[in-house]
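What the sequence shown shows, in my numbering, is residues 150 to 899, in sequence order.
Glycine included, C-beta positions come from ideal geometry on N, C-alpha and C.
It should be emphasised that the depicted structure is a prediction, and the values quoted were computed from it without experimental measurement.
Encoded as structure tokens, the structure appears first; notes follow it.
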Amino acid sequence: MAESETRYRVGGMDCAACATKIDTAVRRVAGVADVSVSVMAGTMTVRHDGSSDLKAIERKVTGLGYSVAPLAGNAAPVHASPQHRHDHGHDHDDHASHDHDGHDHAGHDHPHDHGAKEIEGLHGHDQAPMAGPWWQSRKGRLTILSGGALVAAYAVGQLVPAIGSYAFIVAMLIGLVPIARRAVMAAFSGTPFSIEMLMTIAAVGAVIINAGEEAATVVFLFLVGELLEGVAAGKARQSIQSLAALVPKNALLEDNGQTREVPAESLAVGAIIMVRPGDRISADGIIVSGESAIDEAPVTGESTPVRKGVDAVVFAGTVNGDAVLRVRVTATAADNTIARVVKLVEEAQESKAPTERFIDRFSRYYTPGVVVVAALVAIVPPLLFGGSWDEWIYKGLAILLIGCPCALVISTPAAIAAALSAGARRGLLMKGGAVLETLGKVTMVAFDKTGTLTEGRPQVTDIISFGLKEAQVLSRAAVLEQGSSHPLALAILNRAKADGVPVPPAFELEALPGKGVSGKVGGETLDLLSPPAARALGALSAEQDARITALNDEGKSVSVLLVNGIAASLIAMRDEPREDAEAGLASLKSAGVKAMMLTGDNKRTAAAVAGMLGIDWLGEMMPEDKQRVVGELKRQGLIVAKVGDGINDAPALAAADIGIAMGGGTDVALETADAAVLHGRVGDVARMVELSKRTMGNILQNISIALGLKAVFLVTTIMGITGLWPAILADTGATVLVTINALRLLRIRI
Numbered sequence: 150m151a152e153s154e155t156r157y158r159v160g161g162m163d164c165a166a167c168a169t170k171i172d173t174a175v176r177r178v179a180g181v182a183d184v185s186v187s188v189m190a191g192t193m194t195v196r197h198d199g200s201s202d203l204k205a206i207e208r209k210v211t212g213l214g215y216s217v218a219p220l221a222g223n224a225a226p227v228h229a230s231p232q233h234r235h236d237h238g239h240d241h242d243d244h245a246s247h248d249h250d251g252h253d254h255a256g257h258d259h260p261h262d263h264g265a266k267e268i269e270g271l272h273g274h275d276q277a278p279m280a281g282p283w284w285q286s287r288k289g290r291l292t293i294l295s296g297g298a299l300v301a302a303y304a305v306g307q308l309v310p311a312i313g314s315y316a317f318i319v320a321m322l323i324g325l326v327p328i329a330r331r332a333v334m335a336a337f338s339g340t341p342f343s344i345e346m347l348m349t350i351a352a353v354g355a356v357i358i359n360a361g362e363e364a365a366t367v368v369f370l371f372l373v374g375e376l377l378e379g380v381a382a383g384k385a386r387q388s389i390q391s392l393a394a395l396v397p398k399n400a401l402l403e404d405n406g407q408t409r410e411v412p413a414e415s416l417a418v419g420a421i422i423m424v425r426p427g428d429r430i431s432a433d434g435i436i437v438s439g440e441s442a443i444d445e446a447p448v449t450g451e452s453t454p455v456r457k458g459v460d461a462v463v464f465a466g467t468v469n470g471d472a473v474l475r476v477r478v479t480a481t482a483a484d485n486t487i488a489r490v491v492k493l494v495e496e497a498q499e500s501k502a503p504t505e506r507f508i509d510r511f512s513r514y515y516t517p518g519v520v521v522v523a524a525l526v527a528i529v530p531p532l533l534f535g536g537s538w539d540e541w542i543y544k545g546l547a548i549l550l551i552g553c554p555c556a557l558v559i560s561t562p563a564a565i566a567a568a569l570s571a572g573a574r575r576g577l578l579m580k581g582g583a584v585l586e587t588l589g590k591v592t593m594v595a596f597d598k599t600g601t602l603t604e605g606r607p608q609v610t611d612i613i614s615f616g617l618k619e620a621q622v623l624s625r626a627a628v629l630e631q632g633s634s635h636p637l638a639l640a641i642l643n644r645a646k647a648d649g650v651p652v653p654p655a656f657e658l659e660a661l662p663g664k665g666v667s668g669k670v671g672g673e674t675l676d677l678l679s680p681p682a683a684r685a686l687g688a689l690s691a692e693q694d695a696r697i698t699a700l701n702d703e704g705k706s707v708s709v710l711l712v713n714g715i716a717a718s719l720i721a722m723r724d725e726p727r728e729d730a731e732a733g734l735a736s737l738k739s740a741g742v743k744a745m746m747l748t749g750d751n752k753r754t755a756a757a758v759a760g761m762l763g764i765d766w767l768g769e770m771m772p773e774d775k776q777r778v779v780g781e782l783k784r785q786g787l788i789v790a791k792v793g794d795g796i797n798d799a800p801a802l803a804a805a806d807i808g809i810a811m812g813g814g815t816d817v818a819l820e821t822a823d824a825a826v827l828h829g830r831v832g833d834v835a836r837m838v839e840l841s842k843r844t845m846g847n848i849l850q851n852i853s854i855a856l857g858l859k860a861v862f863l864v865t866t867i868m869g870i871t872g873l874w875p876a877i878l879a880d881t882g883a884t885v886l887v888t889i890n891a892l893r894l895l896r897i898r899i
């Protein structure tokens, strides 16, 4: 039976323990093969054999206190690569604002049928930007009610001391009943040691030993902590979704010579839209008329606007500067660059990094271990050393609360989600935590040449004239090349356009296959020929031949312009290195990463480009040769990243530890590699490595914060310095601190 996949939007998750509970519960449903839950994206992907009862899966999730709704385009059989299994059509407009009343994670039954309205939230989280403030959410209302009951209990205790203890028990139950319900549901779904269970045991135990006042305070602080965690998780979630908000809702569509405003999501591929100065471009497309400075800062972080004219590619979400543009749409709203980036980042957040998997396994044993330690602390001193039962049970209950693994478990995914989002905003796409983690360990980067280290299109580098002015040479050459799409012809035409050279019409143009082109202009017979064709006509002197050889040795292609059969000029062209190639390679070197160039180009050209960039090289390589070299580098113990255009480099990209696709977000580039540099900058490879190293540093800080705080409070609790409510503050505080520390990655300048 073909394996199918269903994606859901899950509301109300605010820490990794939530994801673990959902994962454990859904895995128990018959027919489910795999579950991936992302707290930061607010999504769940379930792979199943088609026999699963999808309603049962949804009931499991709602029973745990979360809202759930399927995403559009689900349940297609899975054939694609692991990173690209998901629906292309998923609605990127479902990020506006959530029905704040629908899911609390504070434990009330959720009606199953939430409807489309509720799935409009920013990933369905009720602490994200929403239709109302946090205090109108169910979780917010429960926290306020619990706090109010606590204040009332204090008042009753002062006025009528005889019933004060009962007032605190009532105040505690207001907050604890929903928590206990979730604890029981989680236990039945396979997670007996949930934070809710630890909380319930601690609160009930505190009442038994006459610490009702503290029990009520602890329950209130726990709810406040959950609210804070929800706000922090919502902020992290916003970061990538703010990208989706960049695309304007409406577009000006040209229709039978008229323009009318239509929803951007209704634009079909091939439609022509008009973009006025100052407007955001509403779709990916190609400019068909007009020239303007495009501000790409919202999407790429690029500070200076880029001048773009006819045939240039523009991205949805960028801002048109100073002139009216007409743009032909090349991708639907669900498939434009930003939508694909958002989707890739969401999917990447669902795939776990090695560190994250290790911490998940660690916490599986850690929490039961804490329960055992707490039980021993409560029982052993009174039994064996005559300690006070009340005192040691109280300490045992505090240790239960300290032991919650929330902060530890969220330490890695929070940092990775923030880093993936920060990277995506700068055009650095990484498919998952494992890729992000490995990038920081890379010791060798193997670059393709054409279109990676170089611009991918030849440019005129030398015009060596024998009597004519440079403008006259360009004018004549451009006349012959009009209408040609050959890369060398385009190089001449682009240079003529850049220099503002007039190009008169030509007569009797004739292509000479394998040799060049000839024609007549203003009484002159013109030929633009390859050097061998010019030689065959006897048009080259020994000195001119020597100049051609010297240019060839520099990796340049040469065309010879003949006027009335006499050599008038040599035009040399070469695919030049990208502007930032040298600086990008230098920043890799300063990070301690080696680089080399693998190219299919001839050795002379390879040597010339490598010489300009100061990089080791291998030339005249077939795709399988590149793959073999990558394998050899790995056997030498190097961690290898391969950077290429994602098509002819596919075997080498797959063989490398990390394959990085270079270029403007083509489907092939995005889908064949582990990572992609959308804006084609060589320096972005070094930025990826830097982002990875910073992320791993951040994760280390997070783990230190989580375990350090717990260790301190464990010691102070056993010594009798701190009690129940500082214990819950330590847990909540650690979770919030870890999340805030991870969110710093969103603001890094790389």
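Contact between S438 and V424 does not hold, since their C-beta atoms are separated by about 11 Å, which reaches or exceeds 8 Å. The Cβ atoms of A483 and E440 do not sit closer than 8 Å to each other. It is roughly 29 Å from the alpha-carbon of P530 to the alpha-carbon of C555. Taking every protein chain shown into account, the CB of V650 has 16 or more other CB atoms within 10 angstroms, so this residue is buried.
Apart from the 5 residues on each side of it in sequence, D183 sits with its Cβ closer than 7 Å to the Cβ of R196 in its chain, given in chain order.
A420 and V462 have their C-alpha atoms some 15 Å from each other. Selection D798, D724, M837 and K209 evaluated against Q608 yields D724 as nearest (Cα-Cα).
Of all C-beta pairs linking the stretch 538-552 to the stretch 329-336, fewer than three are shorter than 8 Å, placing the two stretches out of contact. Scanning the stretch 597-664 for uninterrupted beta strand (DSSP E) segments of 3 residues or longer gives 608-614 and 656-661, listed from N- to C-terminal end. The way I'd put it, the stretch 610-629 does touch the stretch 702-720; three or more beta-carbon pairs between them come closer than 8 Å. With contacts defined by Cβ atoms closer than 8 Å, L892 and T844 do not form a contacting pair. With a beta-carbon spacing of about 5 Å, L401 and T408 fall inside the 8 Å limit used to define contacts. Counting along the chain, R510 sits inside the alpha helix (DSSP H) bounded by residues P503 to F534. The bridge partners DSSP lists for Q407 are D404. D202 and I318 have their alpha carbons spaced roughly 41 Å apart. Within the DSSP secondary-structure output, V424 pairs in a beta bridge with L474. Across the set S560, F342 and P772, the C-alpha of P772 shows the shortest separation from the C-alpha of D794. The Cβ atoms of A755 and M746 lie closer than 8 Å to each other.
Taking L677 as reference, the option from K646, Q693, P653 and I715 with the minimal CA-CA separation is I715. Between the stretch 785-793 and the stretch 752-769 there are fewer than three C-beta pairs closer than 8 Å, too few to call the two in contact. In this structure, L577 keeps its C-beta atom at 8 Å or more from the C-beta atom of L629. Around the Cβ of L533, a 10 Å sphere holds fewer than 16 other Cβ atoms; the residue is exposed.
C-alpha of P800 to C-alpha of I897: approximately 34 Å in a straight line.
V368 carries a helical assignment under DSSP once its states are collapsed to helix, strand and coil.
Distances from the CA of E345 to each of A432, L550 and I436 were compared; the closest alpha carbon is that of L550. Excluding its 5 nearest sequence neighbours in each direction, S295 has C-beta neighbours in its own chain below 6 Å: I323, G324, F369 and L372, listed in chain order. Residues of the same chain with a CB within less than 8 Å of the CB of E363, apart from the 5 flanking positions on each side, are A355, G872, L873 and W874 in chain order.
Just so you know, the alpha carbons of D404 and A735 end up roughly 51 Å apart.
Each residue's CA atom was taken as its position, placing L213 and F342 some 14 Å apart. Judged by their CB atoms, L737 and A638 are not nearer to each other than the 8 Å cut-off. About 6 Å separates the beta carbon of I565 from that of L585, a gap short enough to meet the 8 Å contact definition. Residue pairing by DSSP places I720 opposite I612 and S708 in a beta bridge. Between A824 and L710, the CB-CB gap reaches or exceeds 8 Å.
Counting along the chain, Y543 sits inside the alpha helix (DSSP H) bounded by residues W538 to I551.
Burial state of H828 is buried, judged by a 10 Å Cβ sphere holding 16 or more other Cβ atoms. Using a Cβ distance threshold of 8 Å, I206 and V175 count as a contacting pair.
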